[in-house]
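Comments concern the structure below.
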Amino acid sequence: MRSIALAMTWEYWHRNVRLIVGVITTGAALLIIPFGRELLENPILTGVRVLHVIPLLTAMIGQVVVALSTTHKDRPEFPQELYTKPVSTVTLVALRMALGISAAAGMYLGQALLIWAASGVALPLWWGPLVALAMTAAWTHALIWSLPGCILPQVIAAFLAIFLCVSYYGRHVASLVELGGDLSGPPTRMARGLYGMGMVALTGLAYAVAVVGVRFDRRGDRISLARVGAWISDRIYAIRRTDRPFGSARAAQFWCEWRQHWGLLLPLLNLLALSMYAALAMGTRKVSLEVDGPIFLQSLAFINIVFYPILVAMVVNTQERGGSKDLFWATRPASDNMLLWVRLRVAIASLLASWGVWLAGALVIWGLLWVTGQRYDVMNIVTPNLSRLRYFFFYAGLAALAMWTALGIVGSLHVTGRKLVAALWLTPIVVPVAWNILSRNYHLAAPLVAQVQAITPWAIGILCLAGTVLVYGVAVYKGRISRWLPYAAFGVYLVLVLCQVVFPYSDKSLVEGKPNPIVLSLGLAALPLVPLALGPLAIAWNRHR
Amino acid sequence: MSANVVEIQGLDRRFGKRTALEGIDLAVHKGVVLGLVGANGAGKTTLIKHILGLLKAQTGTVRVFGLDPVRHPAEVLGRIGYLSENRELPEWMRVGELLRYTQAFYPAWDTHYAQDLLTLFELNRGQKIKTLSRGQRAQTALLIALAYRPDLLLLDEPSSGLDPVVRRDILSAIIRTVADEGRTVVFSSHLLDEVERVADVVVMIHEGRTVLKDSLDAIKATHIRLTVRFPQPLTSPPSLPGVLSCTGGPQEWTYVCHNGLKDLQQEVDAVHGLVVDSAVPTLDEIFVSRAKGHTSPEGSLCDR
Amino acid sequence: MQIHISTKDGVPIYLQIVNQVKYMVASGRLRSGEQLPPVRRLAEDLLINPNTVARAYRELEAAKVLSTRQGAGVYVADTASPLARREQTRILKDRIDLLLAEARHMDVSVEDLIDLLRQRGELIK
Numbered sequence: 001m002r003s004i005a006l007a008m009t010w011e012y013w014h015r016n017v018r019l020i021v022g023v024i025t026t027g028a029a030l031l032i033i034p035f036g037r038e039l040l041e042n043p044i045l046t047g048v049r050v051l052h053v054i055p056l057l058t059a060m061i062g063q064v065v066v067a068l069s070t071t072h073k074d075r076p077e078f079p080q081e082l083y084t085k086p087v088s089t090v091t092l093v094a095l096r097m098a099l100g101i102s103a104a105a106g107m108y109l110g111q112a113l114l115i116w117a118a119s120g121v122a123l124p125l126w127w128g129p130l131v132a133l134a135m136t137a138a139w140t141h142a143l144i145w146s147l148p149g150c151i152l153p154q155v156i157a158a159f160l161a162i163f164l165c166v167s168y169y170g171r172h173v174a175s176l177v178e179l180g181g182d183l184s185g186p187p188t189r190m191a192r193g194l195y196g197m198g199m200v201a202l203t204g205l206a207y208a209v210a211v212v213g214v215r216f217d218r219r220g221d222r223i224s225l226a227r228v229g230a231w232i233s234d235r236i237y238a239i240r241r242t243d244r245p246f247g248s249a250r251a252a253q254f255w256c257e258w259r260q261h262w263g264l265l266l267p268l269l270n271l272l273a274l275s276m277y278a279a280l281a282m283g284t285r286k287v288s289l290e291v292d293g294p295i296f297l298q299s300l301a302f303i304n305i306v307f308y309p310i311l312v313a314m315v316v317n318t319q320e321r322g323g324s325k326d327l328f329w330a331t332r333p334a335s336d337n338m339l340l341w342v343r344l345r346v347a348i349a350s351l352l353a354s355w356g357v358w359l360a361g362a363l364v365i366w367g368l369l370w371v372t373g374q375r376y377d378v379m380n381i382v383t384p385n386l387s388r389l390r391y392f393f394f395y396a397g398l399a400a401l402a403m404w405t406a407l408g409i410v411g412s413l414h415v416t417g418r419k420l421v422a423a424l425w426l427t428p429i430v431v432p433v434a435w436n437i438l439s440r441n442y443h444l445a446a447p448l449v450a451q452v453q454a455i456t457p458w459a460i461g462i463l464c465l466a467g468t469v470l471v472y473g474v475a476v477y478k479g480r481i482s483r484w485l486p487y488a489a490f491g492v493y494l495v496l497v498l499c500q501v502v503f504p505y506s507d508k509s510l511v512e513g514k515p516n517p518i519v520l521s522l523g524l525a526a527l528p529l530v531p532l533a534l535g536p537l538a539i540a541w542n543r544h545r
Numbered sequence: 001m002s003a004n005v006v007e008i009q010g011l012d013r014r015f016g017k018r019t020a021l022e023g024i025d026l027a028v029h030k031g032v033v034l035g036l037v038g039a040n041g042a043g044k045t046t047l048i049k050h051i052l053g054l055l056k057a058q059t060g061t062v063r064v065f066g067l068d069p070v071r072h073p074a075e076v077l078g079r080i081g082y083l084s085e086n087r088e089l090p091e092w093m094r095v096g097e098l099l100r101y102t103q104a105f106y107p108a109w110d111t112h113y114a115q116d117l118l119t120l121f122e123l124n125r126g127q128k129i130k131t132l133s134r135g136q137r138a139q140t141a142l143l144i145a146l147a148y149r150p151d152l153l154l155l156d157e158p159s160s161g162l163d164p165v166v167r168r169d170i171l172s173a174i175i176r177t178v179a180d181e182g183r184t185v186v187f188s189s190h191l192l193d194e195v196e197r198v199a200d201v202v203v204m205i206h207e208g209r210t211v212l213k214d215s216l217d218a219i220k221a222t223h224i225r226l227t228v229r230f231p232q233p234l235t236s237p238p239s240l241p242g243v244l245s246c247t248g249g250p251q252e253w254t255y256v257c258h259n260g261l262k263d264l265q266q267e268v269d270a271v272h273g274l275v276v277d278s279a280v281p282t283l284d285e286i287f288v289s290r291a292k293g294h295t296s297p298e299g300s301l302c303d304r
Numbered sequence: 001m002q003i004h005i006s007t008k009d010g011v012p013i014y015l016q017i018v019n020q021v022k023y024m025v026a027s028g029r030l031r032s033g034e035q036l037p038p039v040r041r042l043a044e045d046l047l048i049n050p051n052t053v054a055r056a057y058r059e060l061e062a063a064k065v066l067s068t069r070q071g072a073g074v075y076v077a078d079t080a081s082p083l084a085r086r087e088q089t090r091i092l093k094d095r096i097d098l099l100l101a102e103a104r105h106m107d108v109s110v111e112d113l114i115d116l117l118r119q120r121g122e123l124i125k
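Protein chains in written order, with the numbering used here: chain A, 1 to 545; chain B, 1 to 304; chain C, 1 to 125.
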C-alpha cells in the first residue's frame with residue numbers, strides 16, 4: 001500500500017511539475033510586474049489584503065487545471081487506470097485528493113516565496129489561506145470526479161465552487177489578523193475559529209462526496225454526461241436530418257464552417273445576457289429599467305463592438321492550428337480565397353446575428369419604457385451625449401468599420417495556421433499596457449515619456465500606411481489578389497479619409513481639445529483595407545507550405 | 001505531356017536541415033496503377049503532398065493534369081480522389097452529413113454509386129465520425145474519394161492498420177476503379193504483396209531518392225535471387241555484379257541481384273560456386289535488399 | 001472458378017492464371033463453351049490488376065484456349081480438345097519427372113517403378 005502511495009505521488013508530481021512551476025511563476029509575475037515598485041515602496045495593509053487574493057485565485061485555478069489534465073484529454077475524470085490497483089476506493093480518493101490539495105498548497109506557497117524573495121512582502125500563510133485552498137481543492141476534485149465525461153459541466157462546477165469558497169473565505173475568515181493587525185476581542189476571534197472549523201468540515205464533506213462519486217464511477221454506474229449529450233444530439237439529428245443536396249460548394253462550406261465554429265454561440269450569449277437581465281429586472285427591485293436598461297445595453301454594445309470580433313476571429317481558427325483537420329480542409333477542391341471568405345462570412349453572420357439579438361433587446365426595453373410612460377429618448381439608450389441622429393449614424397458606421405477591421409486582421413492572423421503569428425494580435429493590447437506599467441510603476445524619466453507620447457501617433461500612422469502598402473504589394477506579387485484590387489482599395493481609402501475630414505469638422509465641439517495628428521488618422525483609415533490583401537496571403541501561406 | 005496525369009521534374013524538398021526529397025523525376029501516364037514503395041520517412045507522403053499542392057516545390061516543377069496544383073487548387077483537387085494516411089475527417093460530422101457536404105464540391109458525384117458503397121461497407125449514415133472504428137473511417141474516407149469517379153486516385157497507405165476483411169473491401173473497391181477506363185491510381189503501401197498484385201509500375205523511394213522506377217514486369221525480369229553453394233565455408237562471400245544483398249550460412253549463400261542469370265553464371269563459375277537455386281525474387285525481397293543491403297559497386301564486400 | 005494467385009512463386013501473375021485455366025480445361029473442370037467471369041469481376045475476386053487478367057485472357061485467346069464473343073464475354077473455345085490432350089500430356093510429364101527424381105534419390109530403378117505403377121493401377125480399378 002505504501003509503495004502505491006509513493007508511486008502515485010511520484011507519478012503525479014512528475015507529470016504535473018511543469019504545470020505547477022508554470023502556475024507559480026505566472027502568479028508571482030502577475031503580482032510583481034504590475035505592482036513591483038508599489039509593493040517595495042509602499043506595502044499598505046489593505047493593499048496586501050487585496051494582493052494575497054491574486055496568488056490564491058491563481059493557485060485555485062491552477063489546481064483545477066491540474067485536476068483536469070488526467071491521462072486522456074477527452075475523458076477528464078478520475079484516472080481510470082487506478083481502478084485496477086488493489087486499493088480501496090476510500091484510500092484511493094484520499095490519496096488523490098491529498099495530492100490535489102498539496103498541489104494547490106504548493107502553488108500558493110511557491111508564489112508567496114517568489115513574491116517574498118522579489119519584494120520582501122510576506123503573504124499570509126497560516127491558517128486561513130491554506131485551509132481555504134484545501135476546501136476549494138477538495139470541492140473542485142469532488143465535482144470533477146462526480147461529473148465524468150464532459151469537460152464543460154466540470155469547468156462550470158469547478159468555477160462555481162471556487163467562487164463560493166472564496167466568498168466564504170473572504171467574508172468569514174480572512175481578516176486583518178493574518179495581515180498583522182489585531183482582532184478586536186474574543187467573540188470575533190472565536191467566530192473566525194468556528195468558521196474556520198466549518199471550512200474543515202466542508203472539506204470533509206467534499207471528501208465524502210468524492211468517495212461516493214468515485215465509487216459509482218468505479219462500478220461503472222456513471223451517468224456519463226457525454227453519453228447524455230450524444231443521445232440528445234442524436235435525437236436532434238433524427239428530426240433535423242435532410243438529404244437535400246447543397247445548392248453550391250460555397251453553401252456547403254458555409255454550413256461546415258458555421259457548425260464547426262459554433263456560429264450560434266455569440267447570438268446565444270447575447271440572448272442569454274438579455275434574458276438574465278430581463279429576469280433580474282422583473283424579479284428584483286434592485287434593477288431599474290429606466291436607469292440600468294440603457295447602461296446594460298450600452299455595455300453589451302460595447303462588448304459586442306470591442307471583444308466579439310476578436311472572440312469570433314479566435315473561434316474561427318481554433319480548430320485549424322496544426323490539427324489533423326488541416327489536411328481535410330486543405331484538400332477541398334476550392335480556391336484559397338473561397339475558403340477564406342466563407343470563413344469570414346461565417347464570422348460576420350455570427351456577429352450580425354448577435355447585433356440582431358441586441359437590437360431586438362434594445363427595442364423591447366425601449367418599448368417597455370415607452371409603454372410605462374417614460375418617453376425615453378431612444379438615442380440615449382444607445383449613445384449618451386449624442387442626441388443628434390447624424391452622429392448616431394457616424395458612430396454606427398465607425399463601429400461597423402472597427403469591427404470589420406478587427407475581425408479581418410485578427411482573423412487573417414489566425415488563418416495562417418501558425419500559433420506565433422496568430423498571437424501577434426495581442427500586440428496592440430500588450431504594448432500599450434506594458435508601456436503604461438513601465439512608465440507608471442518604474443518611474444521612467446519624464447522627458448522620455450513625453451517624447452514617446454509625442455512620437456507615438458506618428459509612428460502608428462506611418463506603420464499602418466507602410467504595412468498596408470507592403471501587404472498589398474506582396475499579395476499582388478504572389479498573385480493572391482487581382483491586379484485591380486489595389487486601385488479599388490485606394491479609392492475606398494480616399495472615401496474614408498474624406499469621411500474623416502468631413503464629419504469631425506462639422507461639429508467643432510468634437511474637435512476641440514483633441515490632438516488630431518493627420519498621419520495617425522491617415523494611417524488608421526488604411527487599416528480597414530488591410531484584410532482584403534492580408535487574408536488571401538494568410539490563407540495561401542497556410543494551405544501551401 | 002497531355003497523356004501524363006502527373007509530371008514531376010527535379011523536385012527537391014528540405015525541412016530545415018533534413019532533406020526529404022532529392023531529384024525526384026516522375027511521370028505517371030493515364031490509366032496506370034503506380035505503386036509507391038518505401039520505408040517510413042522515406043518521402044512518400046511528402047511526394048503525395050506535392051501532388052496535392054499542399055507543399056510548394058522548392059526546386060523543380062510539379063504538374064498535375066498539366067496544371068500547377070499550388071496555383072490552381074480547385075481545378076486540380078476537383079479531379080483527384082485522396083485518401084490520407086490518417087484518414088483525416090471532420091470528427092463532428094455524421095457520415096450522412098459528410099456525404100452531403102462532399103457532394104456539393106464535385107459535380108460528377110454519383111449518388112447511386114455512393115449508396116452502393118455505403119451498403120457494401122455497411123456504414124450507417126447517422127453515425128458520428130468520431131465514433132467510427134478504424135476500418136470504418138478508412139472506408140468512409142475512401143467512399144468520399146471514390147464516389148465522384150476521380151481521374152486520379154491518390155491513396156496514402158490504403159490498407160494500413162486494417163483487418164483483412166476491411167482490407168479486402170477496400171482493395172476490391174480500388175480495383176473496380178481501375179477497371180473503369182481512364183482512371184489513374186497512385187498508391188503508397190508497405191504491403192508489397194498488394195503492390196505486386198495491383199501495380200503496373202513500381203517506384204521505390206529510399207531516403208528521398210528514387211532507387212527504382214520501372215514497370216513491375218521489368219523489375220521482376222531484371223532481378224534474380226540466386227543460391228550459391230561454395231566448396232568451402234566462407235565468412236564473407238564474394239560479391240557479384242549488381243548484388244543488392246546476400247544472406248545465408250557458411251557454405252550456401254543467397255544473393256539478391258539486379259542482374260540476369262547468364263551474366264551471373266559466369267561470375268559464379270569464376271569463384272568456384274555452384275548455383276543451387278535461382279528464382280524471381282518477390283517485390284518484398286527486392287525492397288528489403290535495396291533498403292537494408294548496400295547497393296554498392298562491384299568489388300566491395302557483401303554483408304550478412 | 002477457383003484460381004489461386006501467389007506472389008511468392010516467382011511466376012508472373014498472368015502466367016499463373018494462364019496455366020491454371022489451361023489445367024482446368026485439360027482436366028475437364030472447364031467445359032467447352034463454358035463462360036468465364038469477365039475481366040473486371042475476376043480482378044476483383046482475385047484482388048489483382050484488371051490489366052493482368054486482360055493479358056491472361058489475351059494469351060489464352062492467342063493459344064486458342066478461350067474465345068471472345070462480341071459483347072457477350074469470354075468462353076472456353078470449342079477447339080480446345082487437341083490442346084487439352086497436349087496440355088494433359090505436359091502435366092503428366094511434369095508429374096512423371098518428379099516421380100523419377102524421387103525414385104532415383106531413393107535408389108529405386110525405373111523397372112521397379114513401372115511394376116509399382118502397375119500394382120497401383122490394378123488396385124484403383
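Built from N, CA and C at the ideal position, the CB exists for glycine as well. Small disclaimer: the values here were computed from a predicted structure and weren't measured.
- Item | B/Leu89: contacting residues in chain A (beta-carbon distance under 7 Å) | Under the 7 Å cutoff, chain A gives Phe328.
- Is A/Tyr168 helix, strand or coil by DSSP? The answer is helix: DSSP assigns A/Tyr168 an H, G or I state.
- Between the CA atoms of B/Gly35 and B/Lys186 - distance to the nearest angstrom: As written in the sequence, residue 186 of chain B is Val, which differs from the Lys given in the question. Taking C-alpha positions only, B/Val186 is separated from B/Gly35 by approximately 6 Å.
- Message: Determine whether the beta carbon atoms of A/Leu413 and A/Val471 lie at a separation below 8 Å.
- Response: Not in contact: A/Leu413 and A/Val471 (Cβ atoms no closer than 8 Å).
- How would you write the range of the alpha helix (DSSP H) that B/Thr247 sits in, first residue to last? Note, B/Thr247: premise wrong, no alpha helix (DSSP H); beta strand (DSSP E) at Val243 to Gly248.
- Message: Does any residue of chain B have a CB that is nearer than 8 Å to the CB of A/Thr331?
- Response: Cβ-Cβ to chain B under 8 Å: yes for A/Thr331.
- Message: At the level of alpha carbons, what is the spacing between A/Ala112 and A/Leu271?
- Response: A/Leu271 has its alpha-carbon roughly 42 Å from the corresponding atom of A/Ala112.
- Item | B/Trp253 in three-state terms, based on DSSP | Looking at B/Trp253 - three-state DSSP - the assignment turns out to be strand.
- Taking 8 Å as the threshold, find out whether the segment 246 to 254 of chain A comes into contact with the segment 100 to 111 of chain B through three or more Cβ pairs. Contact between the segment 246 to 254 of chain A and the segment 100 to 111 of chain B is present: 3 or more CB-CB pairs across the two stretches fall below 8 Å.
- Interface partners of B/Trp92 on chain A, CB under 8 Å: Within 8 Å Cβ-Cβ: Arg259 and Gln260.
- Task: Starting from the C-beta of B/Pro69, find all residues in its chain whose C-beta is less than 7 Å away, skip the five residues before and the five after it, and write them out in chain order.
- Result: Closer than 7 Å at Cβ, skipping near neighbours: Ile51, Leu52, Gly53, Val62 and Val76.
- Would you call A/Ser546 buried or exposed, if buried means 16 or more other Cβ atoms sit within 10 Å of its Cβ? Limits of chain A in this structure are 1 at one end and 545 at the other, which puts residue 546 of chain A out of reach.
- Message: Quick check on the DSSP output: what are the complete alpha helix (DSSP H) runs of length 4 or more inside the segment 24 to 81 of chain B, in order along the chain?
- Response: Secondary structure in the segment 24 to 81 of chain B: the alpha helix (DSSP H) runs of 4 residues or longer, each lying completely within the stretch, are 44 to 52 and 73 to 77 in chain order.
- Quick one: is B/Phe287 near chain A, going by C-beta distance under 8 Å? Nearest CB-CB separation between B/Phe287 and chain A: not below the 8 Å threshold.
- Item | Residues of its chain near C/Asn19, where Cβ-Cβ distance is below 6 Å and the 5 sequence neighbours each way are ignored | Excluding residues within five positions, none has a Cβ falling inside 6 Å.
- Item | Delimiting residues of the beta strand (DSSP E) encompassing B/Val206 | Per the sequence presented here, residue 206 of chain B reads as His, with Val not at that position. It spans Val201 to His206 - the beta strand (DSSP E) in which B/His206 sits, taken as one unbroken run.
- Using three-state DSSP, classify B/Ile8 as helix, strand or coil. Strand at B/Ile8.
- Message: Counting beta carbon pairs with one atom in the segment 23 to 39 of chain C and one in the segment 212 to 220 of chain B, are three or more of them shorter than 8 Å?
- Response: Result no; under three Cβ-Cβ pairs closer than 8 Å.
- Item | Range of the contiguous alpha helix (DSSP H) that encloses C/Leu123 | Counting along the chain, the unbroken alpha helix (DSSP H) around C/Leu123 starts and ends at Val110 to Ile124.
- Put A/Ala450 into one of helix, strand or coil per three-state DSSP. The answer is helix: DSSP assigns A/Ala450 an H, G or I state.
- Does the beta carbon of A/Phe246 sit closer than 8 Å to a beta carbon anywhere in chain B? With 8 Å as the cut-off, A/Phe246 counts as an interface residue toward chain B.
- Alpha carbon to alpha carbon, what distance is there between A/Gly361 and A/Met276? Just so you know, the alpha carbons of A/Met276 and A/Gly361 end up roughly 12 Å apart.
- By the criterion of Cβ-Cβ separation under 9 Å, what are the contact partners of B/Gly126 in chain A? Neighbours of B/Gly126 on chain A, chain order: Asp234, Tyr237, Ala238 and Arg241.
- Query: Terminal residues of the continuous alpha helix (DSSP H) containing B/Lys262?
  - Reply: First-last of the alpha helix (DSSP H) with B/Lys262: Leu261 to Ala270.
- Residues sharing a beta bridge with C/Val76, DSSP: Beta-bridge partners assigned by DSSP to C/Val76: C/Leu66.
- Item | According to DSSP, residues forming a beta bridge with B/Leu155 | Paired residue(s): B/Leu83 and B/Phe187.
- Sort A/Trp258, A/Ala540 and A/Leu56 by Cα distance to A/Gly128 and report the nearest one. Scanning A/Trp258, A/Ala540 and A/Leu56 for the CA closest to the CA of A/Gly128 turns up A/Leu56.
- Item | B/Leu274: first and last residue of the uninterrupted beta strand (DSSP E) it sits in | Annotation: the continuous beta strand (DSSP E) that includes B/Leu274 extends over Leu274 to Ala279.
- Message: List, in chain order, every chain A residue whose beta-carbon is nearer than 7 Å to that of B/Ala74.
- Response: Residues of chain A with a Cβ closer than 7 Å to the Cβ of B/Ala74 are, in chain order, Pro333, Ala334 and Ser335.
- Query: Rounded C-beta distance between A/Asp336 and A/Arg543? I'm assuming under 8 Å.
  - Reply: A Cβ-Cβ distance of about 6 Å is found for the pair A/Asp336 and A/Arg543, placing them in contact under the 8 Å criterion.
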